[in-house]
Every structure is written in structure tokens, then in C-alpha cells.
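Numbering-wise (the numbering used here), the sequence shown opens with residue 14 and increments by one.
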Amino acid sequence: MHESLDTQIESRSLIKQFFDSLHLPTGDPFAVAGLIIYAAFVAVALSADVIATHDPTEILYTPAYELAADRSPGQEGYILGTTSLGRDIFSQLVYGSRSALLIGLTAAVMVALIGTLVGLLAGYFGGLIDTILMRLADVAFGIPFLPFVIVLAAFLEPSIWNVVLAMALVLWRDTGRVIRAQVLTLRTRAYVEAARVSGSSDLKIVFTHIAPNVLPLSFLYGTIAIGWAILTEASISFLGFGDPETISWGYMLQDAYASQALSQRAYYWFVPPGLCIILVVVAGFFISRGYEEILFPKLKD
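This is the structure we're talking about:
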């Protein structure tokens, strides 16, 4: 009984230490606004089955068995109207938040994880390991990102995971470079030398003493990656290289463009997904701005 209680207390302590190490920028009003926007979209994505009024892929008909196409907002009970194929725009918008956050959060984790590992290993061990990893980063910097995603989509089956794969292969470069530079300064600190003298292994020093100090940088680049991933998915979907079976905000924009929604002044079709993309990207910028002030307090001056 006592062992179980001690284990629970230790687990809670580790969780608290993890969140404390993230240094969430709750003191910056813009960062708080960004966190609130993210929380709102996460809530919508998790409760999409409850919020959505229809299946986003269902072709709707009137009671007279006519196609319910091009309905204006509020007409016949459709909150944001319907598409030219008779699909509910509001339901597509709600379910699109799932695709956006799935892509954004997964890509952010991959970029932050790979970049952090590369930066830690290159910065701490140096030598041949540093040379190899940094030359790989140079290659990644030379790859144009959007064309690379399009090429992946052309060779692989169209999928939202193409964006995640492309970001994992290419966009870790920025995170890796910055964290490497930070580790180069941290590895000479007194507490690292003390851990080394006391007999701690290199891996223990890297992941126990150095890694917690670079987590805010990792989280900073992770929030930036969320916006990049959502913008990229919207771009390739708009260009016709997205997954046609997955409802996303980019898919909605491509569908609206193909149906000439702008010339028909069907603003209710393409403005909402565009605004959602803008909000998510701006939220990421707000959070990264808050982290910049934590990491570099002299910016306030």
C-alpha cells in the first residue's frame, strides 16, 4: 500500500517537473490568447461527433428528394450553408479541425523530437557525430520544402501523413541547429562538470541535466511547426495533392475553388476554413512570442 502511494507521488512529481520545465508563457497576454485558441480547437476536434450536424461527406437532399446544394447560411437549418454537391459546410469545418490538429500536433512532436535529439547529440559529443549531423542539416536546408512535399505525394499514396513525413525529414534542421548551439554552452556549466566527476554516464548527463534546460526551445519550435504543418496541408490540398477521402480545411478551400465559389460570392464556403487556418497559425505565433520573451528576456527592453 505504502509502495503504491510512493509510486503515485513520484509519478505526480515527475509530471509536475516536466510541465515546470516547459515554462508555459502564461505571463504574456498574447501567449495566453494563443493557448486559449488552441484549447478551443482541441475541444471542437474532440467533440466533433456531437457538434457536427451532419456527416461531412454525406450528400444531403430536401424532403422533396432534391439535391440540397448551394444553400445559404441558415437556409433550411444549415448553419453555414451547403456546397455545390449538397454537403454541410459547418460539419466539414468542424471535422476539419481534427485533421488540422492531428497533422499539426504530430508534425510538431516529430520536428521537436528529432531536432532536439540531433541538437543534444551534436552539441554534447561534438567531433565526428557533430560533423555528420550538421552536414545532414545542411542537406535538409538545401531542400525546398513545398516541392519536396509534392514529390512525396506524387510517389506515395496521397495522404495527410505526407506532410508529417516531409516535416520529420526536413524541418528538424532549425530546431537541431538552435538546440546544438544551446547545448554547446550548457555542457561547460559547473553542474554538468560536477555530474561528470561524480561518475554519471554521458547519456545520463545529456537527458537528465541538459535536456530539461532546452525543452522550452523545443516547445517553441514545436508551436511554430504546428502552423507550418497546417499551412502545408492546406497548400497541397489546394493544389490537388491531398487525400480526397479526408475532410480538412485545405480540402474545403480546394473544393470551393474548383466549384468557383468566389465568382458565385459564396463567401460562407471558403472564408470560415481560411479564418480557422489563420487563427491556428496566429495562435502558434503568439505562443512562440511568449517563449521568446522567456528565453531571451532582453527582448523586453
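Glycine included, each C-beta is placed from N, C-alpha and C at the ideal position.
This one's a predicted model, so the numbers in the text were calculated from it and none came from an experiment.
Requested in this report: Hey, could you find the ends of the alpha helix (DSSP H) Thr-236 is sitting in?
Outcome: Here residue 236 corresponds to residue number 223 of the sequence shown, with the count starting at 1. Start and end: 224-251.
Query raised in the report: alpha helix (DSSP H) containing Tyr-91: first to last residue?
Result: For the purposes of this step, residue 91 is taken as residue 78 along the sequence shown, with counting starting at 1. That residue, Tyr-91, is in no alpha helix (DSSP H); it is neither H nor E in DSSP.
Query raised in the report: From this set, Leu-133, Pro-69, Trp-262 and Leu-98, which residue's C-alpha is nearest Val-196's C-alpha?
Result: To locate residue 196, count along the sequence shown from 1; it is residue 183. Val-196 has its Cα closest to that of Leu-133, out of Leu-133, Pro-69, Trp-262 and Leu-98.
Report task. Return helix, strand or coil for Asp-268, following the three-state DSSP convention. Result -> Translated into positions along the sequence shown, residue 268 becomes position 255. Looking at Asp-268 - three-state DSSP - the assignment turns out to be helix.
Report task. Could you tell me the distance, in whole angstroms, from the CA atom of Arg-100 to the CA atom of Gly-287? Result -> Taking the first residue of the sequence shown as position 1, residue 100 is located at position 87. Taking the first residue of the sequence shown as position 1, residue 287 is located at position 274. Approximately 18 Å, taken between the alpha carbons.
Report task. Kindly indicate which three-state DSSP category Asp-256 falls into: helix, strand or coil? Result -> Reading the sequence shown from its first residue, position 243 is the one you call residue 256. Coil, per DSSP.
Requested in this report: Please work out which residues of its chain come closer than 6 Å, Cβ to Cβ, to Phe-298, disregarding the five sequence neighbours upstream and downstream, and give them in chain order.
Outcome: As a working note, residue 298 is residue 285 in the sequence shown. Excluding positions up to five away in sequence, the list is empty.
Query raised in the report: When DSSP builds the beta bridges, which residues end up paired with Tyr-280?
Result: On the sequence shown, residue 280 is found 267 positions in, with the first residue counted as 1. None, per the DSSP bridge assignment.
Query raised in the report: Roughly how far, in whole angstroms, is the beta-carbon of Ala-153 from the beta-carbon of Arg-200, given that I think they are within contact range, below 8 Å?
Result: Here residue 153 refers to the residue found at position 140 when the sequence shown is read from its first residue. Here residue 200 refers to the residue found at position 187 when the sequence shown is read from its first residue. In fact, because the Cβ distance is near 24 Å, the residues do not count as touching under 8 Å.
Query raised in the report: What are the boundary residues of the alpha helix (DSSP H) that Ala-65 is part of?
Result: Here residue 65 is taken as the residue at index 52 of the sequence shown, counted from 1. Note, Ala-65: premise wrong, no alpha helix (DSSP H); not H, not E.
Query raised in the report: Is there contact here, the segment 45-55 with the segment 75-94, by at least three beta-carbon pairs under 8 Å?
Result: no
Query raised in the report: On the premise that Thr-198 lies in contact with Ile-300, defined as a C-beta separation below 8 Å, what is that separation, rounded to the nearest angstrom?
Result: Mapped onto the sequence shown, residue 300 falls at position 287. Mapped onto the sequence shown, residue 198 falls at position 185. At roughly 24 Å, the Cβ-Cβ gap does not stay under 8 Å, so Ile-300 and Thr-198 are not in contact.
Requested in this report: Spell out the partners DSSP gives Tyr-74 in its beta bridges.
Outcome: Counting from one through the sequence shown, the residue named residue 74 turns up at place 61. Looking at the DSSP assignment, Tyr-74 forms a beta bridge with Leu-80.
Query raised in the report: Can you tell me whether DSSP reads Asp-101 as helix, strand or coil?
Result: Counting from one through the sequence shown, the residue named residue 101 turns up at place 88. Looking at Asp-101 - three-state DSSP - the assignment turns out to be strand.
Query raised in the report: Are the beta-carbon atoms of Ile-116 and Ala-242 separated by less than 7 Å?
Result: For this step, residue 116 is matched to residue 103 along the sequence shown. For this step, residue 242 is matched to residue 229 along the sequence shown. For Ile-116 and Ala-242, yes; Cβs fall inside 7 Å.
Requested in this report: Rank Leu-230, Phe-161 and Ala-269 by C-alpha distance to the C-alpha of Ile-192 and give the top, closest one.
Outcome: The residue labelled residue 192 in the question sits at position 179 within the sequence shown. Ile-192 has its Cα closest to that of Leu-230, out of Leu-230, Phe-161 and Ala-269.
Report task. Throw me the rounded Cβ distance for the Ala-269 and Phe-283 pair, which I believe falls under 8 Å. Result -> Sequence index remark: in the sequence shown, residue 269 carries index 256 (1-based). Sequence index remark: in the sequence shown, residue 283 carries index 270 (1-based). So it is a contact: roughly 4 Å between Cβ atoms.
Report task. Using the Cα positions of Ser-110 and Gly-189, report the straight-line distance between them to the nearest angstrom. Result -> Here residue 110 corresponds to residue number 97 of the sequence shown, with the count starting at 1. Here residue 189 corresponds to residue number 176 of the sequence shown, with the count starting at 1. Cα to Cα, the separation comes out at about 29 Å.
Query raised in the report: For Asn-226, which residues from the same chain have a beta carbon less than 7 Å from its beta carbon, with the 5 sequence-adjacent residues on both sides left out?
Result: Working through the sequence shown from its first residue, we reach residue 226 at position 213. Taken in chain order, the residues that qualify are Leu-199.
Query - Buried versus exposed, by CB contacts within 10 Å (16 or more), Phe-251 - result: Here the question's residue 251 lines up with position 238 in the sequence shown. It is buried - the Cβ of Phe-251 has at least 16 other Cβ atoms within 10 Å.
Query raised in the report: Should Arg-111 be counted as a contact of the ligand ADP given a C-beta to heavy atom distance under 6 Å?
Result: Absent from the structure shown: the ligand ADP. Ligands present: none.
Query raised in the report: Counting only runs that start and end within the segment 178-214, where is the alpha helix (DSSP H) found for 4 or more residues in a row?
Result: 185-199 and 203-210
Query raised in the report: How long is the line joining the alpha carbons of Leu-266 and Ala-82, rounded to whole angstroms?
Result: In the sequence shown, residue 266 corresponds to position 253, counting from 1. In the sequence shown, residue 82 corresponds to position 69, counting from 1. The alpha-carbon atoms of Leu-266 and Ala-82 are separated by roughly 17 Å.
Report task. Could you say which of Ile-102, Ile-291, Tyr-137 and Ile-249 lies nearest to Thr-221 if we only look at CA atoms? Result -> Here residue 221 is taken as the residue at index 208 of the sequence shown, counted from 1. For the residues Ile-102, Ile-291, Tyr-137 and Ile-249, the minimum Cα distance to Thr-221 belongs to Tyr-137.
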